[in-house]
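Under my numbering, read the sequence shown as residues 159 to 246, first letter to last.
Data block below; observations after.
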Amino acid sequence: MDNKYQKAVLNIINTQKQIIGPLALDMAKRVPNISVEANGNVEIAGDPLTVLHQLVKEYEVLFGELSVKVSKDSLKGMDFKSTEYLRF
C-alpha cells in the first residue's frame, strides 16, 4: 500500500480501534468506496479525499468532535497539507 490516502485511512481506522475496539472496523466498512480486506489492506474507490472525509464523519456521528481530533492526530507526520484534512 503506497497511496498516502490508503495509509491515512488505515491510520485513522487503527487509531480509532485503539479507542473503540472492533467497532472502528465495522464503521469503516460502512463508508462507501472503502474496502477493508481480511489481511488489513485498504482499497479506496473514487475520490480519495472525499472517502477520507466520509470516514471521519462516520466516526463523528457516534463519538462527536473528539473522534475528529483523534483522526486528525493520526495523520500527523504524514505528507498532508493542512487544507487537505482540516475540512473535517
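Here a beta-carbon is modelled for each residue, glycine too, at the ideal position from N, C-alpha and C.
Beta carbon of residue i nearer than 8 Å to that of residue j
i: V189; j: E216; result: yes
i: V214; j: I177; result: no
i: N169; j: L233; result: yes
i: Q164; j: V200; result: yes
Residue burial classification, residue i (beta-carbon count within 10 angstroms, cutoff 16)
i: L220; result: exposed
i: M236; result: exposed
i: A186; result: buried
i: A203; result: exposed
i: V167; result: buried
Sheet register partners of residue i (DSSP bridge)
i: I202; result: I192
Identity of the residue in the options nearest residue i by Cα
i: L210; options: E195, K230, P180; result: K230
i: E195; options: K162, I171, G179, Q212; result: I171
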